[in-house]
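Q: Encoded as structure tokens, here's the structure I'll be asking about.
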Amino acid sequence: MEALQTGFAVYRNSVDDINRAARRDPRRFVLRTERAYRKNIEEIARRIAAGSPQCRIAMLAGPSSSGKTTTAHMLADALRRAGVGSVSLSLDDFFLG
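Just so we're on the same page, my numbering is the position in the sequence shown counted from 1, plus 5.
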């Protein structure tokens, strides 16, 4: 089945579609997924740079171990390449209660 692309993400129709693509050609699946991920980060950095100084903060949210910190570091690197300074704040160890 063809993937549906909306905004920055590519959505497949179901987990079964993702599993089929991964089983069919695991190497190609990983390479294409990584390429799309990195391309999306570069595009987000480009848009932030184009809107700077209007964009003062970018926030990442997601479940534990979903790659938020890794993405934040990659986005900071992409912003630096685009000429935009950034500071990363990690709340990984911040818990209420």
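Ideal placement from N, C-alpha and C gives every residue a C-beta, glycine not left out.
With a threshold of 6 angstroms on Cβ separation, who are the neighbours of residue 84 within its own chain once the five nearest residues in sequence on each side are excluded?
A: What you label residue 84 is simply residue 79 of the sequence shown in a count that begins at 1. The answer, listed in chain order, is 50 and 91.
Q: Cα separation between residue 86 and residue 54?
A: Within the sequence shown, the letter at position 81 stands for residue 86. Within the sequence shown, the letter at position 49 stands for residue 54. Their Cα atoms are separated by approximately 10 angstroms.
Q: So, is residue 65 buried or exposed, given that buried needs 16 or more other C-beta atoms within 10 angstroms?
A: Walking along the sequence shown from the start, residue 65 turns up at place 60. Flag for residue 65 reads exposed.
Q: CB residue 34 to CB residue 41, shorter than 7 angstroms?
A: For this step, residue 34 is matched to residue 29 along the sequence shown. For this step, residue 41 is matched to residue 36 along the sequence shown. For residue 34 and residue 41, no; Cβs fall outside 7 angstroms.
Q: Taking 7 angstroms as the limit between beta carbons, can you name the residues of its chain near residue 95, skipping five residues before and five after?
A: Taking the sequence shown and counting its residues from 1, one reaches residue 95 at position 90. Cβ within range, chain order: 74.
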